[in-house]
Amino acid sequence: MNEDATIQDLHRKIDREKAIINAANQMRQATNNAAVNSRVESQIRDARRNMQYFEQTLNDLKTRHMSADMGSMALSGNGGPPPPQHGSQRSVGDAGDYGNPGPGGYSQGGAPGMMPPRAPYAPPGPADRTPRAKPNYSKLGR
667 MNEDATIQDL
677 HRKIDREKAI
687 INAANQMRQA
697 TNNAAVNSRV
707 ESQIRDARRN
717 MQYFEQTLND
727 LKTRHMSADM
737 GSMALSGNGG
747 PPPPQHGSQR
757 SVGDAGDYGN
767 PGPGGYSQGG
777 APGMMPPRAP
787 YAPPGPADRT
797 PRAKPNYSKL
807 GR
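Just add 666 to wherever you are in the sequence shown, counting from 1, and you've got our numbering.
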């Protein structure tokens, strides 16, 4: 079954669940019988759960279909704006250019292209809850 037929089928199932909810609401308003109202409430809960599942499945299918379309657009080369030319005017919303990093690259010293000797962030504070390595108190090394 192709995706379009699946989407149409999901729409039909969602419409059927909406009709079940509407009919159950009318039945609930038409009677005062506790047993009937209990069964109607159960049907409404089931229909809402089914409808939520169908809508989630439909959204997932549409997302997958859209991402596949975006992937094919990117592969074809017709999907986006042309790359900016040097010397062209930038609009207000364009991302900034960081410029040429120079011969040393973005590293903080050392040979060009080498990473800095330590991480570029501060050590964790006392509120950090990341697991730490436990010391090994084994007697095997004696």
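Beta carbons: idealized from backbone N, C-alpha and C, even for Gly. Please read these numbers as outputs of a predicted model, since none were measured by experiment.
Asked, Found
"Measure the C-alpha to C-alpha separation of Ile-686 and Asp-735 and round it to an integer number of angstroms.", "35 Å"
"Alpha carbon to alpha carbon, how far is Asp-675 from Glu-669?", "10 Å"
"Straight-line CA distance for Lys-684 to Met-717?", "8 Å"
"How is Tyr-803 classed by DSSP in three states: helix, strand or coil?", "coil"
"Can the beta-carbon of Gln-709 be found closer than 8 Å to that of Ala-696?", "no"
"Please confirm whether Arg-711 and Asn-703 have their CB atoms less than 8 Å apart.", "no"
"Give a yes or no on whether the minimum CB-CB distance between Asp-675 and chain B is below 8 Å.", "No chain B appears in this structure, which consists of one protein chain only."
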